[in-house]
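Q: Structure incoming, see below.
Numbering (full-length UniProt numbering), first residue to last: 1 to 438.
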């Protein structure tokens, strides 16, 4: 909404000259927006579902000390106050949730105020997020705590894993072994295991992993355990890592300033037996930021070999489904009739390993069962005809050439093709050299 206002300014009092100016001011009613961040698209029953609420102003400025309300399927969950970053953490107990999906809604709790009908009332956008169910045959789940921030190289990252296991198949004196592996650049970078001996079937554990240049720019961590009932219980998380390099290079000139035509020395330090490429160019010649050599530009030159799916050179290497689909018909059990319900929206371990490009050879269960889809014959599409009044001449390619219509249509394109270019690349001013470091 815009308002216009006249501004009158007197230049000189004696002459009586006045200058009027018309200007407009944009007034917005949208004073805040609520968003969900660091959210998982699936919930695992028995493990708390956690996420982040964020409240921002009109210019995406974080709003601190604001009260936000969270609802699950239109039922009140709780109120949360934002911190200095405009964020508030929340968690939901999923032990009694069996729904295929639930809807989360977050809204700003407005303070009570009185407004006249002619006033502009403030508006705030609510946030909505749909969470689906994760499938498990044994009702056992894992959840890796995600890391929203980008990790630095040459650091230790402590990974926390929450788990909820069905204890019926475990022996009284048995322990639980958790295995993990991390993939980067299409290969397994590291692996290990963690043993739990306290017979706690619901809890969490942590283990450290080293973040090196081999894991950049992104890595996927996969944690799993083998349930005695014959199921793989697992989860994965993706880490964003700084674009760093294994070998470090530093250099400096012998003097900061020099006269034209004078000589200067360059001191280069790198790992022994390194072969370094040097480029020297006048600073005024580099007109575009993209010409600068940086970690981002180097990583963009390297092909992306991050795996996804099972397609390789046009071949689908996915395995066929071991179990047939479940017929969609009524079943009689203990005097009651039951009908299988499709679990199409549920997540499963198969989709996790498939998204990683990880091939699994096992006789354990890691895919959700599927309900057979009832085949329905659709009617054949009817031909479409133009109405009696909606008709016109349609030229074929030879007819359009003969009638000169293509010539007329291409006239504007020829004029637009003449574009004035500005030279931004000056390779003749560059100095290249290859230096071997002993």
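Think of the CB as a built atom: it goes at the ideal place given N, C-alpha and C, for glycine as much as any other residue.
#1: Taking 7 Å as the cut-off, is the beta-carbon of residue 274 closer than that to any non-hydrogen atom of the ligand GTP?
#2: Once you ignore the five residues that flank residue 352 on each side, which residues in its own chain have a CB closer than 8 Å to its CB?
#3: Please report the straight-line C-alpha distance between residue 228 and residue 59, rounded to a whole angstrom.
#4: Per DSSP, what kind of secondary structure is residue 251 in: helix, strand or coil?
#5: Note down the Cα distance separating residue 356 from residue 119, rounded to an integer number of angstroms.
#6: Between residue 436 and residue 35, what straight-line distance do the alpha-carbon atoms span, to the nearest angstrom?
#7: Whether or not the segment 182-196 and the segment 164-172 are in contact is what I'm after, with contact meaning three or more pairs of Cβ atoms, one per stretch, closer than 8 Å; do they touch?
#8: Can you tell which of 245, 200 and 349 has the C-alpha that lies nearest to the C-alpha of residue 298?
#9: Which whole-angstrom value describes the C-beta separation of residue 152 and residue 211, a residue pair presumed to lie in contact below a C-beta threshold of 8 Å?
#10: Please give me, in chain order, every unbroken run of the beta strand (DSSP E) with length at least 3 that falls completely inside the segment 302-340.
#11: I'd like the span of the alpha helix (DSSP H) that includes residue 356, first residue to last.
#12: For residue 326, collect the residues of the same chain with a Cβ closer than 8 Å to its Cβ; drop the 5 residues on either side in sequence, then sort them by chain order.
#13: Which same chain residues end up closer than 7 Å to residue 146 when comparing Cβ atoms and leaving out the 5 residues on each side of it in sequence?
#14: What are the boundary residues of the beta strand (DSSP E) that residue 443 is part of?
#15: Would DSSP call residue 346 helix, strand or coil?
#16: Suppose contacts are defined by Cβ-Cβ distances below 8 Å. Is residue 219 in contact with residue 158 by that definition?
#17: In the structure shown, what three-state DSSP assignment does residue 170 receive?
#18: Beta strand (DSSP E) containing residue 267: first to last residue?
#19: Are the segment 121-137 and the segment 83-91 touching by the rule of at least three beta carbon pairs closer than 8 Å?
#20: With DSSP run on the structure shown, which of helix, strand or coil describes residue 145?
#21: I need the DSSP call for residue 38, collapsed to helix, strand or coil.
#22: What is the DSSP secondary structure of residue 177, counted as helix, strand or coil?
#23: Tell me which residues share the same chain as residue 434 and place their Cβ nearer than 7 Å to its Cβ, disregarding the 5 neighbours each side in the sequence.
#24: How about the segment 89-108 and the segment 329-340: do they share at least three Cβ pairs that are nearer than 8 Å?
#25: Output needed for residue 72: all residues of its chain with C-beta closer than 7 Å, excluding positions within five of it in sequence on either side, in chain order.
#26: Buried or exposed: which applies to residue 216, given that a residue is buried once 16 or more other Cβ atoms fall within 10 Å of its Cβ?
#27: With residue 108 and residue 32 assumed to form a contact (beta carbons below 8 Å), what rounded beta-carbon distance in angstroms separates them?
#28: Have a look at 337, 310 and 249 and flag the residue whose alpha-carbon is nearest the alpha-carbon of residue 354.
#29: According to the Cβ coordinates, are residue 45 and residue 365 closer than 8 Å?
#30: For residue 314, I'd like the list of residues in its chain whose CB is within less than 7 Å of its CB, leaving aside the five on either flank, ordered along the chain.
#31: Kindly say whether residue 135, judged by its beta-carbon, lies nearer than 8 Å to any beta-carbon of chain B.
#32: Which full runs of the beta strand (DSSP E) of 3+ residues lie inside the segment 59-96, going along the chain?
#33: Taking all protein chains shown into account, do 16 or more other C-beta atoms lie within 10 angstroms of the C-beta of residue 279, making it buried, or fewer, making it exposed?
#34: Span of the beta strand (DSSP E) holding residue 47?
#35: Could you check what DSSP says for residue 109 in three-state terms: helix, strand or coil?
#36: Considering just the uninterrupted stretch of the beta strand (DSSP E) at residue 242, what are its terminal residues?
A: Looking at the coordinates:
#1: Although the ligand GTP was asked about, the structure shown includes no ligands whatsoever.
#2: In the chain shown, counting from the first residue as 1, residue 352 sits at position 352. These residues qualify, in order along the chain: 222, 234, 235 and 236.
#3: For this step, residue 228 is matched to residue 228 along the chain shown. For this step, residue 59 is matched to residue 59 along the chain shown. Roughly 54 Å between the two C-alpha positions.
#4: As a working note, residue 251 is residue 251 in the chain shown. DSSP places residue 251 in strand when its eight states are reduced to three.
#5: In the chain shown, residue 356 corresponds to position 356, counting from 1. In the chain shown, residue 119 corresponds to position 119, counting from 1. One Cα belongs to residue 356, the other to residue 119, and the distance between them is close to 54 Å.
#6: Position 436 of the chain shown, counted from the first residue, corresponds to residue 436. Position 35 of the chain shown, counted from the first residue, corresponds to residue 35. Pairing residue 436 with residue 35, the inter-Cα distance amounts to about 53 Å.
#7: no
#8: Residue numbering aside, residue 298 sits at position 298 when the chain shown is read from its first letter. The candidate whose alpha carbon is nearest that of residue 298 is 245.
#9: In the chain shown, residue 152 corresponds to position 152, counting from 1. In the chain shown, residue 211 corresponds to position 211, counting from 1. Between residue 211 and residue 152 the Cβ distance is about 7 Å, and since that is below 8 Å, they are a contact.
#10: 331-333 and 336-338
#11: Along the chain shown, read from residue 1 onward, the residue named residue 356 stands at position 356. First-last of the alpha helix (DSSP H) with residue 356: 349-356.
#12: Position 326 of the chain shown, counted from the first residue, corresponds to residue 326. Once the five neighbours on either side are set aside, the close Cβ partners of residue 326 are 340, 369, 370, 371 and 372.
#13: Looking up residue 146 in the chain shown gives position 146. Closer than 7 Å at the Cβ level, and outside the excluded window around residue 146, lie 38 and 237.
#14: In this structure the chain extends from 1 to 438, so residue 443 is not present and cannot be described.
#15: Against the chain shown, residue 346 aligns to sequence position 346. Reduced to three states, the DSSP call for residue 346 is coil.
#16: Within the chain shown, numbered from 1, the residue matching residue 219 stands at position 219. Within the chain shown, numbered from 1, the residue matching residue 158 stands at position 158. Against a cut-off of 8 Å, the Cβ pair of residue 158 and residue 219 comes out as no contact.
#17: Locating residue 170 in the chain shown gives position 170, counting from the first residue. Correct three-state label for residue 170: coil.
#18: Stepping through the chain shown from its first residue, residue 267 is reached at position 267. Unbroken beta strand (DSSP E) run through residue 267: 266-269.
#19: With a cut-off of 8 Å, the segment 83-91 and the segment 121-137 do not count as touching, because too few Cβ pairs lie within range.
#20: Taking the first residue of the chain shown as position 1, residue 145 is located at position 145. Three-state DSSP puts residue 145 in coil, outside helix and strand.
#21: The residue labelled residue 38 in the question sits at position 38 within the chain shown. Under the three-state reduction of DSSP output, residue 38 falls in the coil class, being neither helix nor strand.
#22: What you label residue 177 is simply residue 177 of the chain shown in a count that begins at 1. If DSSP states are grouped into helix, strand and coil, residue 177 belongs with the strands.
#23: The residue you call residue 434 lines up with position 434 of the chain shown. The residues are 275 and 277.
#24: Not touching, per the Cβ criterion.
#25: As a first step, residue 72 is located in the chain shown; it is residue number 72 there, counting from the start. Cβ neighbours of residue 72 beyond the five flanking positions: 92, 102 and 104.
#26: Walking along the chain shown from the start, residue 216 turns up at place 216. Under this definition residue 216 is a buried residue.
#27: In the chain shown, the residue the question calls residue 108 occupies position 108. In the chain shown, the residue the question calls residue 32 occupies position 32. Right, the Cβ-Cβ distance comes to about 6 Å (below 8 Å), so this counts as a contact.
#28: Numbered from 1 along the chain shown, position 354 holds the residue referred to as residue 354. Of the listed residues, the one whose Cα sits closest to residue 354 is 310.
#29: Here residue 45 refers to the residue found at position 45 of the chain shown. Here residue 365 refers to the residue found at position 365 of the chain shown. The criterion of a C-beta distance shorter than 8 Å is not satisfied by residue 45 and residue 365.
#30: Along the chain shown, one-based indexing puts residue 314 at 314. Answer for residue 314: no residue qualifies.
#31: Although the question refers to chain B, the structure presented lacks it and comprises just one protein chain.
#32: 67-72, 75-81 and 87-92
#33: Along the chain shown, one-based indexing puts residue 279 at 279. Exposed, since its Cβ has fewer than 16 Cβ neighbours within 10 Å.
#34: Position 47 of the chain shown, counted from the start, is the residue given in the question as residue 47. Unbroken run through residue 47: none, as it is neither H nor E.
#35: Within the chain shown, the letter at position 109 stands for residue 109. The DSSP-derived three-state label of residue 109 is coil.
#36: Numbered from 1 along the chain shown, position 242 holds the residue referred to as residue 242. Here residue 242 belongs to no beta strand (DSSP E), and DSSP marks it neither H nor E.
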